[in-house]
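Remember, our numbering sits 97 above the position in the sequence shown when you count from 1.
In this text, a Cβ means the ideal position worked out from N, Cα and C, and glycines have one as well.
Quick notes on the structure that follows.
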Amino acid sequence: MKHKILIADDEAEIRNLLKLYLSDGNYEIIEAGDGDEAIKALDRSPDLCVLDIMMPGKDGYQVLSEIRKKSNIPVIILSAKDADSEKILGLNLGADDYISKPFNPLEAVARINSCIRRFYSIGGAAPEAHEEVKVRDLVLDIDGCVLHKGDEVIELTSNEFKIMELLMTHPGKVFTKQQIYEYAWGDEYVVADNNIMVCISKLRSKLSSDQSEYIKTLRGLGYRLES
């Protein structure tokens with residue numbers, strides 16, 4: 098079964114470049130030249146979206162907001178806006194990764210492959226039983242990629258899910274930023290404090306109005322899930 102990737106960018110050269118480098122993968126490519134086309138293309142149920150920010154019609158942030166209203170599929174922002182504030186905004190809106198233009202197409206493909214593997218567990222062995230992890234009133238459905246807090250379903254992005262999986266399978270254990278980043282993003286850690294801090298902040302807001310009720314910061318060490 099081919100995974101469908103939506104590439105939304107108003108530059109045909111960018112779309113063609115990514116199509117060329119993804120042609121050897123097991124992917125079906127869906128193209129959109131502006132934000133309105135991208136939103137219409139969501140009806141085709143893509144498995145991952147690569148979104149440019151500056152597009153005619155609705156911009157990438159507006160498209161991302163539309164995606165997050167009904168889906169937690171991986172979203173990678175591809176943009177010439179490389180300021181930290183833009184990256185933080187994209188992550189806060191629910192993006193899983195952010196690639197700045199100009200970019201190395203091989204790196205972009207590697208990140209797309211990493212997101213697909215992380216979210217859909219490509220190549221992994223089928224679980225023998227339905228697996229759940231329980232910590233306090235939190236229940237993480239590993240197979241279904243869903244987090245429950247009591248009767249409430251908490252929607253998570255793929256990175257947020259991986260962070261919760263790491264923390265909940267080791268409650269009380271302290272993880273460094275490097276350990277969290279390499280587990281959740283699947284890449285080598287260099288400097289990604291913004292990514293981690295934004296994801297942890299969003300998770301805390303989703304879990305409780307008390308920011309330190311579940312995930313505790315140990316200054317200079319890292320984070321742990323309170324058991």
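With fewer than 16 other beta carbons inside 10 angstroms of its own, ARG141 counts as exposed. A distance below 8 Å between beta-carbons, with the five flanking residues on each side excluded, links GLU125 to the following residues of its chain, in chain order: LYS99, HIS100, LYS101 and ILE102. The alpha helix (DSSP H) runs of length 4 or more contained entirely in the stretch 156-239 are, from start to end of the chain, 157-167, 181-189 and 202-217.
One Cα belongs to ARG112, the other to SER211, and the distance between them is close to 19 Å.
By DSSP's assignment, ARG321 forms a beta bridge with LYS313. The beta-carbon separation of CYS146 and ALA105, rounded to 7 Å, stays under the 8 Å limit for a contact. When C-alpha distances from ASN201 are compared across TYR118, LYS313 and GLU134, the shortest belongs to TYR118.
Across the set GLY241, VAL160, MET152 and LYS167, the C-alpha of MET152 shows the shortest separation from the C-alpha of ALA177.
In this chain, GLU262 is not harboured by any beta strand (DSSP E); it is covered by the alpha helix (DSSP H) spanning 255-265.
When beta bridges are read from the DSSP output, LEU103 appears opposite ILE127 and CYS146. Nearest to VAL172 by C-alpha distance, out of ALA192, ARG214 and ASP107, is ALA192. Here ILE293 is not bridged, per DSSP, to any residue. Under the three-state reduction of DSSP output, GLU249 falls in the strand class. Contact check for THR266 against VAL230 passes: the beta carbons are separated by less than 8 Å. Considering only ASP238, LYS313 and ILE150, the residue with the shortest C-alpha distance to LYS198 is ILE150.
About 11 Å separates the beta carbon of LEU235 from that of ILE312, a gap too long to meet the 8 Å contact definition. In terms of Cα proximity to VAL250, the closest of ILE260, ASN256 and LEU237 is LEU237.
CA-to-CA, the gap between GLU262 and ILE127 works out to about 31 Å.
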